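> In our numbering, the protein residues as written are 659 to 767. Glycine included, C-beta positions come from ideal geometry on N, C-alpha and C. Since the structure is predicted, the reported quantities are computational estimates derived from the model, not experimental observations. Below is one structure. I have some questions about it.
Structural data, given as structure tokens:
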């Protein structure tokens, strides 16, 4: 369900990033320190305890959307969900679409 949603919204196929992250699209980054790398534009990791979605742009500017989501925890760039039944999937889709738009603006394809 999450994989199909992300594939539909990005227009990209799912790709494994390491042993546990299912990602969609890719972008190259370089930090001020000079360190550089490549990562998926959005993704998720189906862990034992919870589903981790790599879709947040910073919790501060998404607090109103997260308030409508349902039962979850969030980190700087991650959303942690124990059961999909506990969240509103239309809000998840909104967060995914927002992340894609922000990534496209910051890192054009």
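#1: Taking 8 Å as the threshold, find out whether the region 697-707 comes into contact with the region 720-733 through three or more Cβ pairs.
#2: Would DSSP call residue 696 helix, strand or coil?
#3: Please go through the same chain and pick out, in chain order, the residues whose beta-carbon is closer than 6 Å to the beta-carbon of residue 681, but skip the five residues on each side of it.
#4: Residue 736: beta carbon under 8 Å from a heavy atom of the ligand FAD?
#5: What are the partner residues of residue 761, as DSSP defines its beta bridges?
#6: What residues in its chain sit with their C-beta under 7 Å from that of residue 713, if we drop five residues either side in the sequence?
#7: What are the boundary residues of the beta strand (DSSP E) that residue 711 is part of?
#8: Buried or exposed: where does residue 764 fall if 16 or more other Cβ atoms within 10 Å of its Cβ makes it buried?
Once the coordinates are examined:
#1: no
#2: strand
#3: 673, 675, 698, 701
#4: Ligands in the displayed structure: none, and consequently the ligand FAD is not present.
#5: Note: residue 761 sits in no beta bridge, so no partner.
#6: 700, 737, 753, 754, 757
#7: 709-712
#8: exposed
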